[in-house]
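Novice: I'd like to ask some things about the structure below.
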Amino acid sequence: MFSDAVDAALGYASRNLVYLTLSIAFCYFAAERCRQYWRLRHFRGPFSTGISWLWHSKAVISGDCHTYYGDVTAQYGSIARVAPNHLITSSPELWAHINAVRSPYSRAGWYYHAARFDPGKDNVFTECDNDKHDARRKKMASGYAGKENPELESSIDEHVQELVHLIRSKYAAPASSGRVSKPMDLASKIQYLTLDVISGVGLGQSFRDLKADTDINDYLKASEEGLRIANLSFGLGISWLRDVPILGKAISPSEKDESGFGRMMAEARKVVSSRTERSTKERSDMLASFIRHGLTGDDLFQEAFEQILAGSDTTAAALRIIMLYIMSHPRVYAKLQAEIDDAVKAGKAPAAPGIISDAEARTLPYLSAVIREGLRVHPPVANLFSRVAPKGGDVVIVDGKEHFIPGGTMIGYSAFTMHRNNTKLYGEDSTVFRPERWFVDESIPGEQERLARMYKTNDMIFGHGRWQCLGKVVAMLEIHKTIFELLRNFDFALTNPHKPWEVFNVMGLFAISNMWVDVHERR
């Protein structure tokens, strides 16, 4: 009897302890949420964003977050609220201030650590400590800029030639033959190109997808699957589970895996390991440059693998977007192709199968305008890229109004509103793909200054200041050459104009597939 009473008392006490613990936890959560709501109460946003992350979770999981963010800034102004402790801006001036070289803001681990491919390990993209990021970036700048890679452009030329050869030999109908071309998924061919380029210039060893005309070892499939899982866990707010000891390793890809993302990591590590055992004088490329400037061990692997993922997906998205808009606008297509033909006749490009030099391609004004306009009307990378306000907060001016951003507040940017929907800067037809907007009458007062602002804002597609994209040089080399050579050699038409592609935003990158085209050789 006595022991039963003791057991009952202990059970009652432990139940009460559980209830007390839960009550304290709930009160703490409620108090913290109330604090977050109150400190950002002056910023408007969708219903519930002041007290809940549900709206943001829905945006991320939908695969259409860029549209959600665009709608918020269009409705609530150039600075708005998307979550209890998160703001968003479409102001180029504010975003430039936040990302300045000596900015007191830092990257938000909430977003960037969710983008790690290896739990607990950072690369130059995911590093949130400003000093560590800056130190790492200095070691990599020369490699990305091509200063220590004399074969950078010729390597890109080689792979562009392989793309042209693949299309001509396997898919394109001969000129004036009347034959039907073989339907081709341009999305996959462009992805093969960008993966071969970045693996070639980055690792010194191409993955050779173009020559095989397939995703060898399912690297691209594994990468997309990994990004979709990361996007889902980020949207659900459970990305932090990957940083939990033991559990994180168990639910993450392993280099021991027979296929998929883990095997991709293992193969990349083999290449990196073999390169570190040889002299950097044997081959001068990105990897050799990284080694010369002090990147070693796992840090070297993290950067080498990151450049394969980021460098391939972002440039592929840019090329697909630009080609889609060219094919969708016959006037632009004809005008651009005429400029390309004139350049060939004038000897600015070598005879086929030679590839135009980057220097010559940059002299073609309409080609440059088309590329800028394609990147503007559909930015190839679009997500929050969250920053954290400095400890003491920051006073900023947006659209002539002063705002105080409390310390610790996260703030990101709306790419589509800043670029595509920016009527103040680009005009009332800002949503229209019109490359001619990049040619202004400089005799009209203020037009030259406006064009300068257009350029500065457009360049922010590649980031700005402290966090500007290191791979911009390689990407623009690849984009100019590829667009020129595709339109020099072929005529393209969308197979399904009513549904030109399938697209899904994963962690800011666009997974694009089923972009079917009909191709004919040009004389």
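Numbering (this note's numbering) for the sequence shown: 1275 to 1797.
Just so it is clear, CB atoms sit at the ideal spot from N, CA and C, and this is done for glycine as well.
This one's a predicted model, so the numbers in the text were calculated from it and none came from an experiment.
Suppose contacts are defined by Cβ-Cβ distances below 8 Å. Is residue 1576 in contact with residue 1403 by that definition?
Specialist: Working through the sequence shown from its first residue, we reach residue 1576 at position 302. Working through the sequence shown from its first residue, we reach residue 1403 at position 129. Not in contact: residue 1576 and residue 1403 (Cβ atoms no closer than 8 Å).
Novice: Quick one: Cα of residue 1742 to Cα of residue 1366, how far?
Specialist: What you label residue 1742 is simply residue 468 of the sequence shown in a count that begins at 1. What you label residue 1366 is simply residue 92 of the sequence shown in a count that begins at 1. About 14 Å.
Novice: What is the DSSP secondary structure of residue 1687, counted as helix, strand or coil?
Specialist: Translated into the one-based positions of the sequence shown, residue 1687 becomes position 413. The answer is strand: DSSP assigns residue 1687 an E or B state.
Novice: For the 8 Å Cβ check, are there 3 or more pairs between the segment 1560-1571 and the segment 1411-1418?
Specialist: Taking 8 Å as the limit for Cβ pairs, the verdict is that the segment 1411-1418 does touch the segment 1560-1571.
Novice: With distances taken from CA atoms, which of 1773, 1508, 1761 and 1757 is nearest residue 1334?
Specialist: Along the sequence shown, one-based indexing puts residue 1334 at 60. The residue with the shortest Cα to Cα distance from residue 1334 is 1508.
Novice: Secondary structure at residue 1499, three-state DSSP: helix, strand or coil?
Specialist: To locate residue 1499, count along the sequence shown from 1; it is residue 225. It is helical.
Novice: With 16 as the cutoff for other CB atoms within 10 Å, does residue 1612 come out buried or exposed?
Specialist: As a working note, residue 1612 is residue 338 in the sequence shown. Classification for residue 1612: exposed.
Novice: To the nearest angstrom, report how far apart residue 1670 and residue 1374 are at their CA atoms.
Specialist: Taking the sequence shown and counting its residues from 1, the one referred to as residue 1670 is at position 396. Taking the sequence shown and counting its residues from 1, the one referred to as residue 1374 is at position 100. The alpha-carbon atoms of residue 1670 and residue 1374 are separated by roughly 14 Å.
Novice: Taking Cβ positions, are residue 1644 and residue 1595 nearer each other than 8 Å?
Specialist: Mapped onto the sequence shown, residue 1644 falls at position 370. Mapped onto the sequence shown, residue 1595 falls at position 321. Result no, Cβ atoms of residue 1644 and residue 1595 do not sit closer than 8 Å.
Novice: Report the option in 1795, 1774 and 1779 whose CA atom is closest to the CA atom of residue 1789.
Specialist: Taking the first residue of the sequence shown as 1, we reach residue 1789 at position 515. Closest option to residue 1789, Cα to Cα, is 1774.
Novice: Where DSSP assigns a beta bridge to residue 1697, which residues make up the other side?
Specialist: The count along the sequence shown starts at 1 and reaches residue 1697 at position 423. For residue 1697, which the question treats as bridged, DSSP gives no partner whatsoever.
Novice: Would you list the one or two residues that DSSP bridges to residue 1520?
Specialist: The count along the sequence shown starts at 1 and reaches residue 1520 at position 246. Bridge partners of residue 1520: none, in fact.
Novice: Quick check: the Cα distance between residue 1476 and residue 1578, rounded to an integer number of angstroms?
Specialist: Sequence index remark: in the sequence shown, residue 1476 carries index 202 (1-based). Sequence index remark: in the sequence shown, residue 1578 carries index 304 (1-based). Computed Cα separation, rounded: 7 Å.
Novice: Do three or more CB pairs link the segment 1648-1657 to the segment 1312-1332 at distances below 8 Å?
Specialist: Cβ pair count under 8 Å is below three, so no.
Novice: Among the candidates 1443, 1392 and 1649, whose CA atom is the shortest distance from the CA of residue 1518?
Specialist: For this step, residue 1518 is matched to residue 244 along the sequence shown. The candidate whose alpha carbon is nearest that of residue 1518 is 1392.
Novice: Are the beta-carbon atoms of residue 1465 and residue 1586 separated by less than 8 Å?
Specialist: The sequence position of residue 1465 within the sequence shown is 191, counting from 1. The sequence position of residue 1586 within the sequence shown is 312, counting from 1. It is a contact, given that the beta carbons lie within the stated cut-off.
Novice: In angstroms with no decimal places, state the Cα-to-Cα distance between residue 1495 and residue 1462.
Specialist: Within the sequence shown, the letter at position 221 stands for residue 1495. Within the sequence shown, the letter at position 188 stands for residue 1462. Spanning the two alpha carbons is a distance of roughly 11 Å.
Novice: For residue 1729, count the other beta carbons within 10 Å of its own beta carbon; 16 or more makes it buried, fewer makes it exposed. Which is it?
Specialist: Locating residue 1729 in the sequence shown gives position 455, counting from the first residue. Classification of residue 1729: exposed, given that the 10 Å Cβ count is below 16.
Novice: From residue 1762 to residue 1487, what does the alpha carbon distance come to, in whole angstroms?
Specialist: Position 488 of the sequence shown, counted from the first residue, corresponds to residue 1762. Position 213 of the sequence shown, counted from the first residue, corresponds to residue 1487. The alpha-carbon atoms of residue 1762 and residue 1487 are separated by roughly 22 Å.
Novice: Near residue 1533, what residues of its chain come up, given a Cβ to Cβ distance below 8 Å and the 5 sequence neighbours on each side ignored?
Specialist: Taking the sequence shown and counting its residues from 1, one reaches residue 1533 at position 259. 1491, 1492 and 1496, listed in sequence order.
Novice: Can you tell me whether residue 1596 is helix, strand or coil according to DSSP?
Specialist: To locate residue 1596, count along the sequence shown from 1; it is residue 322. Residue 1596 falls in the helix class under three-state DSSP.
Novice: Helix, strand or coil: which one does DSSP assign to residue 1786?
Specialist: In the sequence shown, counting from the first residue as 1, residue 1786 sits at position 512. Correct three-state label for residue 1786: strand.
Novice: What first and last residue would you give for the beta strand (DSSP E) that runs through residue 1363?
Specialist: Residue mapping note: residue 1363 aligns to position 89 of the sequence shown, counting from 1. Unbroken beta strand (DSSP E) run through residue 1363: 1360-1363.
Novice: Spell out a yes or no on whether the segment 1660-1675 and the segment 1712-1725 are touching, meaning 3 or more CB-CB pairs, one atom from each, closer than 8 Å.
Specialist: Result no; under three Cβ-Cβ pairs closer than 8 Å.
Novice: Can you grab the Cα-Cα spacing for the pair residue 1857 / residue 1469, in whole Å?
Specialist: An answer regarding residue 1857 cannot be provided, because it is not within the stretch 1275 to 1797 covered by the chain.
Novice: Count the C-beta pairs between the segment 1749-1767 and the segment 1628-1642 that are closer than 8 Å, then say yes if the count reaches three, no if not.
Specialist: Segments in contact, yes.
Novice: Thinking C-beta only, is residue 1780 closer than 8 Å to residue 1423?
Specialist: Against the sequence shown, residue 1423 aligns to sequence position 149. Against the sequence shown, residue 1780 aligns to sequence position 506. The answer is no: Cβ separation not under 8 Å.
Novice: Is it buried or exposed, residue 1616, if we count other Cβ atoms within 10 angstroms and call 16 or more buried?
Specialist: Looking up residue 1616 in the sequence shown gives position 342. Counting Cβ neighbours within 10 Å, residue 1616 comes out exposed, since fewer than 16 surround it.
Novice: Check each candidate in 1689, 1739 and 1731 and name the one with the smallest Cα separation from residue 1783.
Specialist: Within the sequence shown, the letter at position 509 stands for residue 1783. Nearest C-alpha to residue 1783: 1689.
Novice: For residue 1467 and residue 1484, I'd like the C-alpha separation in whole angstroms.
Specialist: As a first step, residue 1467 is located in the sequence shown; it is residue number 193 there, counting from the start. As a first step, residue 1484 is located in the sequence shown; it is residue number 210 there, counting from the start. So the alpha carbons of these two residues sit roughly 6 Å apart.
Novice: Counting Cβ pairs closer than 8 Å, one from the segment 1660-1670 and one from the segment 1679-1688, do we hit at least three?
Specialist: Touching, yes, given that three or more Cβ pairs across the two stretches are closer than 8 Å.
Novice: Using alpha carbons as the reference points, say which of 1376, 1309, 1350 and 1370 lies closest to residue 1738.
Specialist: Looking up residue 1738 in the sequence shown gives position 464. It is 1370.
Novice: Run through DSSP, which three-state label would residue 1525 get?
Specialist: Here residue 1525 refers to the residue found at position 251 when the sequence shown is read from its first residue. Of the three classes helix, strand and coil, the one that applies to residue 1525 here is coil, per DSSP.
Novice: Please classify residue 1657: is it buried, with 16 or more other beta-carbons within 10 angstroms of its beta-carbon, or exposed?
Specialist: Working through the sequence shown from its first residue, we reach residue 1657 at position 383. Residue 1657 is buried by the Cβ-count criterion.
Novice: Keeping to the same chain, check which residues put their C-beta closer than 7 Å to that of residue 1445; ignore five residues upstream and five downstream.
Specialist: Working through the sequence shown from its first residue, we reach residue 1445 at position 171. Result list for residue 1445: 1455, 1456, 1458 and 1793, in chain order.
Novice: Does the structure place the segment 1691-1709 close enough to the segment 1344-1364 that three or more beta carbon pairs sit under 8 Å?
Specialist: Yes, the segment 1344-1364 touches the segment 1691-1709.
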